[in-house]
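Number of protein chains: 2
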Amino acid sequence: MAIIVQKYGGTSVGSVERIQNVARRVAAEQRKGNQVVVVVSAMSSETNRLLALAAELSETPEPREMDVLLSTGEQVTIALLTIALHSEGCAARSFTGGQVHIRTDSVHSKARIQDIDALRVQADLDAGRIVVVAGFQGIDEQGNITTLGRGGSDTTAVAMAAALKADECQIFTDVDGVYTTDPRVEPKARRLQKITFEEMLEMASLGSKVLQIRAVEFAGKYNVPLRVLSSFEEGGPGTLISLEDEEMEQAKISGIAFNRDEAKLTILGVPDHPGVAHQILGPIAAVNIEVDMIVQNISEDDTTNFTFTMHRNDYKKARQVLEQIAQQLGAREVIGDQQIVKISLVGVGMRSHAGIASSMFEALAKEGINIRMISTSEIKVSVVVDEKYLELGVRTLHEAFGLAEA
Amino acid sequence: MAIIVQKYGGTSVGSVERIQNVARRVAAEQRKGNQVVVVVSAMSSETNRLLALAAELSETPEPREMDVLLSTGEQVTIALLTIALHSEGCAARSFTGGQVHIRTDSVHSKARIQDIDALRVQADLDAGRIVVVAGFQGIDEQGNITTLGRGGSDTTAVAMAAALKADECQIFTDVDGVYTTDPRVEPKARRLQKITFEEMLEMASLGSKVLQIRAVEFAGKYNVPLRVLSSFEEGGPGTLISLEDEEMEQAKISGIAFNRDEAKLTILGVPDHPGVAHQILGPIAAVNIEVDMIVQNISEDDTTNFTFTMHRNDYKKARQVLEQIAQQLGAREVIGDQQIVKISLVGVGMRSHAGIASSMFEALAKEGINIRMISTSEIKVSVVVDEKYLELGVRTLHEAFGLAEA
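In the order they appear, the protein sequences are chains A and B. Each residue of the first sequence is one higher than the one before, counting from 691 in the numbering used here. Each residue of the second sequence is one higher than the one before, counting from 691 in the numbering used here.
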């Protein structure tokens, strides 16, 4: 008898009819002879309704109270889904995050799961019940309600699967798997049968919004096999995310990720001396701006040019901070660009295949696409290009690396 | 420094604007130098919205899951009110029933409070915070969410006041106090300044819907002074419900209660023998029908007639049961009437004043109102009359006992 954890997001439970559909799917999984835990999000319109109510009362509501407010969203869904499961003839019981002891730290609205007590859940499973758990929420040591932040239900599902040593954690979404790239940009994009945790992490961090990054990290850490499936089309195998296996090693590249939300800033003519990188990035970090790519070049006159990228929403604030730093350091000038995108090749096969990067640069050069920045990791090569080249760049690379063929 | 518990019902927190009004009132109470605990219900439309969702999924949803569902209503209100209090510049913190350890039995949807741990609340009060508590809900020993049933927020407030040894428990409603009778029936009805717990219990059990009966019982048991106030009109003193004092003893009658929801059934010609009352009422109780007044008369032929009243909603079911009993006991006939009402005089002064009942019967007789049944208690005289006499009866008695004068 296998233990399966299923997670359904806000769109999948967005109406009474959809909740009934989910109930039928869950019931079918149990009829196969499996023990089933279901983790659900708030109904899709609910979170926005609650946010709007709070916004009428305060521009800066306290995170603790927002967590009390928003956590009601999943609580409504667990009750409704459990009622629907009863109507399907299944024994089932609902639990809030606090009730199954999803213990988190106390960082309201962005809490991290520290521990789950799987005993109570296991007892209900052993009694033949389907266990329905509220995603996205937990309690801290003082019993305060916390939330894991948007998308945190994925993390709840994976953490629950890890605690129960589940055989598979199935994430039901509005897509039927992980694709070689976004099909809206490249219609030839192909669904992957398998992908490794590491690759999925890179895809996710680069804007592929299928799964929450922390959920993938968690799954990798505890080796929980993750499967992404469509909650609307039945029967598809989806994409399995697991540890690297032999079959995977044959592919060089798994997919192409991209991110439209990038902006870059360059500080020109900074007198070069040890510690200058810290002097520049320290104040940026101090105002909670996350820096992505960093490139430093030495110029000939003992000054250096320093470029980094960040989320486009942070551009204005980062530029203000950098202008001050430039004055303090006696730098020549600050220039910036918000019309850039990042395109990345991702694949564990890169490790054993040389020349991926140069093939990539060659393919882009042939189409006249100028590369502004480059950064590489063990399983990823990223380039920054002008925003207008996004579609052309993605399609060119998809073709060049033969991703349309299985 | 006094401890004040305030309770605001669903209408009082029915919109964002009303929640802001409540926040201003609560803040004003704290500025007087008092420690304030606020108990709130779900926003008025919320419970019905949630009930409708569940009804789409099942005709008979499990009470455990309904409690999980409905308890989100108050949780939304506590968060919103606390955010509103922050906007008023007050330190405040919200708590669900479970978080302040409102321990109940496990009778879902009708749970009874067994214990409250006031320590956590007291700590927050001592730290200068307003404590906002979700009414209507608690947890049982296994950590399941329970609800106290409709109107249970009053009970939460009183139980909280008792646990904290509060100086006063203020119940804010859509009326500005307790009246000598329903002003919609008798426009000369007068707001009472004071009333005893016992009298309030009689008024409440007879259909005066200002307060929940269990809340009044609880307040009486732990001697928590209760005050009923209007949540819409500010400044009024409302009505204080407390122990009997000298001043109160001067009034004979405090008020006139009535109940339109009554029906009566009579079983005629029952062979009279010991235990016959139990043989008739046992099966009625077994199907969970609450019987109110009971009258038995002996007739001359060794048979007896037995009449009782119940809620009009239970009439059909009770009649079915009674027809079966009549057959078994060899009784002559079952007759019933759904067009009756109960009118009651209530007052602790009755104890020391003879002749209240006969004055009552005299006043009704003068108007040609025929009395169908009579029942008396230490502080109450009730009569059942035809429904058409309700208004005339109430006004006649209000006049006869001089209730319009303070």
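Note that the Cβ used here is the ideal one computed from N, Cα and C, for glycine as well. Remember, predicted model here, so these are calculated numbers, not experimental data.
Please give the ranges of any beta strand (DSSP E) in the segment 816-870 of chain B, keeping only runs that are unbroken, at least 3 residues long and fully inside the region.
820-824, 827-829, 835-837, 858-863
Rounded C-alpha distance that separates valine 985 of chain B from aspartate 962 of chain B:
One C-alpha to the other measures close to 14 angstroms.
Looking only at DSSP bridge pairs, what is glutamine 986 of chain A linked to?
Partner(s): A/Phe996.
With 16 other CB atoms within 10 Å as the buried threshold, where does isoleucine 1025 of chain B fall?
exposed
Quick one: is methionine 733 of chain B buried, meaning 16 or more other Cβ sit within 10 Å of its Cβ, or exposed?
buried
Quick check: the Cα distance between lysine 697 of chain B and glycine 842 of chain B, rounded to an integer number of angstroms?
Near 11 angstroms, if we compare the C-alpha coordinates of glycine 842 of chain B and lysine 697 of chain B.
What residues match up with glutamine 696 of chain A in a beta bridge as DSSP calls it?
Looking at the DSSP assignment, glutamine 696 of chain A forms a beta bridge with A/Val728, A/Gln860.
Starting from valine 706 of chain A, find everything on chain B with Cβ-Cβ shorter than 8 angstroms and list it in chain order.
In chain order: Leu743, Glu746, Leu747.
Is it buried or exposed for arginine 950 of chain A, if we count other Cβ within 10 angstroms and need 16 for buried?
exposed
Would you give the residue range spanned by the alpha helix (DSSP H) that phenylalanine 785 of chain B belongs to?
Here phenylalanine 785 of chain B belongs to no alpha helix (DSSP H); instead the beta strand (DSSP E) covers 782-785.
Alpha carbon of valine 821 of chain B to alpha carbon of tyrosine 912 of chain A, nearest angstrom
41 angstroms
Distance check for valine 848 of chain A and leucine 933 of chain A, CA to CA, integer angstroms please.
15 angstroms
Applying the 10 Å Cβ sphere with the 16-neighbour rule, what's the burial state of serine 731 of chain A?
buried
For the candidate residues B/Ile1015, B/Gly945, B/Arg1009, whose alpha-carbon lies nearest to that of alanine 967 of chain B?
Alanine 967 of chain B has its Cα closest to that of B/Ile1015, out of B/Ile1015, B/Gly945, B/Arg1009.
Closest by C-alpha distance to aspartate 1004 of chain A, when choosing among A/Val977, A/Phe1051, A/Gln1017, A/Gln1018:
Minimum Cα distance to aspartate 1004 of chain A is reached at A/Val977.
In the structure shown, what three-state DSSP assignment does asparagine 1060 of chain A receive?
DSSP places asparagine 1060 of chain A in the coil class of the three-state scheme, outside both helix and strand.
Buried versus exposed call for alanine 1055 of chain B [16 or more other C-beta atoms within 10 Å across all chains shown]
exposed
In its own chain, which residues sit with a C-beta less than 7 angstroms from the C-beta of leucine 901 of chain A, not counting the 5 before and 5 after it?
Asp844, Ile861, Met890, Ala894, Val918
Using a C-beta to C-beta distance shorter than 7 angstroms, which residues of chain B count as neighbours of glutamine 789 of chain A?
Near glutamine 789 of chain A (Cβ distances below 7 angstroms), the residues of chain B are Gly833.
Which bits of chain A does valine 758 of chain B rub up against, with CB to CB less than 8 angstroms?
Gln765, Ile768, Ala769, Thr772, Ser784, Thr786
Out of A/His1043, A/Thr837, A/Val1073, A/Ile931, point me to the one whose CA is closest to alanine 1053 of chain A's CA.
Of the candidates A/His1043, A/Thr837, A/Val1073, A/Ile931, the one whose C-alpha sits nearest the C-alpha of alanine 1053 of chain A is A/Val1073.
Could you tell me the distance, in whole angstroms, from the CA atom of glutamine 1018 of chain B to the CA atom of aspartate 1027 of chain B?
22 angstroms
8 angstroms Cβ cut-off: residues of chain A touching glutamate 638 of chain B
Look at the range of chain B in this structure, 691 to 1096, and you will see that residue 638 of chain B is not part of it.
Is leucine 854 of chain A near valine 811 of chain A, with beta carbons less than 8 angstroms apart?
yes
On a Cα-Cα basis, can you pick out the residue from B/Glu755, B/Ser784, B/Ser777 that is closest to alanine 769 of chain B?
B/Ser784
In three-state terms, what does DSSP make of aspartate 1076 of chain A?
strand
Under 8 angstroms, Cβ to Cβ, is there at least one residue of chain A near glutamate 1077 of chain B?
Glutamate 1077 of chain B does not count as touching chain A.
Do valine 716 of chain B and valine 703 of chain B have their beta-carbon atoms positioned less than 8 angstroms apart in this structure?
no
Taking the C-alpha atoms as reference points, what is the distance between arginine 904 of chain B and histidine 1088 of chain B?
27 angstroms
Boundaries (first-last residue) of the alpha helix (DSSP H) holding serine 932 of chain A:
From DSSP, serine 932 of chain A is part of no alpha helix (DSSP H) but of the beta strand (DSSP E) over 929-932.
Compare the C-alpha of isoleucine 946 of chain B against each of B/Val914, B/Gly1037, B/Asp864, B/Asp816 and name the closest.
B/Gly1037
Own chain partners of proline 751 of chain A with C-beta closer than 7 angstroms, once the 5 adjacent residues on each side are dropped
Ala744
Looking at chain B, which residues of the segment 831-860 of chain A have a Cβ within less than 7 angstroms of any of its Cβ atoms?
Gly833
Against chain A, does leucine 740 of chain B count as a neighbour if the rule is that its beta carbon must be under 8 angstroms from one of theirs?
yes
Opposing strand residues paired with glycine 945 of chain B [DSSP bridges]
B/Val1036
Between the Cα of glutamate 907 of chain A and those of A/Arg739, A/Ile829, A/Thr886, A/Gly833, spot the shortest distance and give me the residue it belongs to.
A/Thr886
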